[in-house]
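> Residue numbers (the UniProt record's numbering): 1 to 302. From the three backbone atoms N, C-alpha and C, an ideal C-beta is built for every residue, glycine too. This structure is a prediction, so every number in the text was calculated from the model and none was measured.
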């Protein structure tokens, strides 16, 4: 961990200790940081959260052995594909510019190593170079308990792009926010409302199928806020009850309402996050100041 990780790590310990109705001391923080100094904070955070969710050990306050056991388990089950599977995923992108793929940092390192050989037309040699680099980088990351980081490489085909990103979200390799950034126009509200225009008594089978696909996409993008997604779906369903000539105007009004609500919700979430961060930092600052006072008192007494 880095010196800048002390505050978030202290907050992590406070969360875990709070489950057991205990208070974290400054000495607790110092002891744990000393033991975990060589481990990156994201891996430490994941290990503590895995301990909390452990049905056998999670009801007990974690000891160092518990966290190191979780770190070891993370190394052997970190969702990184094997070298052959990783090469297959990469080759799909290399061979077809229409394809979209979500790759790990280690796969990208292997891609960089093998690309000059591929440019010479030697696919066998490129595969060997990729495997060597990929295996080395994966071993290094696992030794440091670094969690895999998946990032998209977008192809030219919009349909394949949506399909691959949806698969990556379902596999929990990338988050919904990443998809939103890559597909800025695909808000759940807008998707559901367009689906509503396609449905209705006179809809063809093709239109009904497209609407169902749109709703599925909206659910994936908005799974973190089911209440808002449900509201959007109800509005979209209301469109099907209107005469066809009234639907465009109704859709425009619904889009304006949906955008305004989404912006208000984002503003509220940002403010709540700022308030929580401020309270958390104030509490941690107080704990660190108390620890310093205790140390000063102890030194004076000595």
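(1) If you follow the beta strand (DSSP E) that residue 102 is in, where does it begin and where does it stop?
(2) Within its chain, find whatever has a CB closer than 7 Å to the CB of residue 146; leave out the 5 residues flanking it on each side and keep chain order.
(3) Okay, do the region 101-114 and the region 129-140 touch, 3+ Cβ pairs below 8 Å being the bar?
(4) If you pair each beta-carbon of the region 149-164 with each one of the region 120-127, do three or more pairs fall below 8 Å?
(5) First and last residue of the beta strand (DSSP E) that includes residue 151?
(6) How big is the Cα-Cα spacing for residue 68 and residue 96?
(7) Residue ranges of each alpha helix (DSSP H) run of no fewer than 4 residues wholly in the region 108-152, ordered along the chain?
(8) Would residue 60 be called buried (16 or more neighbouring beta carbons within 10 Å of its own) or exposed?
(9) Under 8 Å: do the region 7-22 and the region 277-295 share three or more Cβ pairs, one atom per stretch?
(10) Count the other CB atoms within 10 Å of the CB of residue 82; is the residue buried (16 or more) or exposed (fewer)?
(11) Report yes or no: is there a C-beta of chain D within less than 7 Å of the C-beta of residue 156?
(12) How would you write the range of the alpha helix (DSSP H) that residue 56 sits in, first residue to last?
(13) What residue does the alpha helix (DSSP H) around residue 27 start on, and which one ends it?
(14) By the DSSP assignment, the alpha helix (DSSP H) with residue 11 in it spans what residues?
(15) On the three-state DSSP scale, how would you describe residue 84?
(16) Tell me whether the beta-carbon of residue 27 lies closer than 7 Å to the beta-carbon of residue 51.
(17) For the candidate residues 15, 20 and 2, whose alpha-carbon lies nearest to that of residue 284?
A quick look at the data gives this:
(1) 101-104
(2) 40 and 43
(3) yes
(4) no
(5) 150-153
(6) 42 Å
(7) 123-143
(8) exposed
(9) yes
(10) exposed
(11) Looking at the structure shown, chain D is missing, and only one protein chain is on hand.
(12) Neither: residue 56 is in no alpha helix (DSSP H) and is coded neither H nor E.
(13) 26-35
(14) 6-19
(15) helix
(16) no
(17) 15
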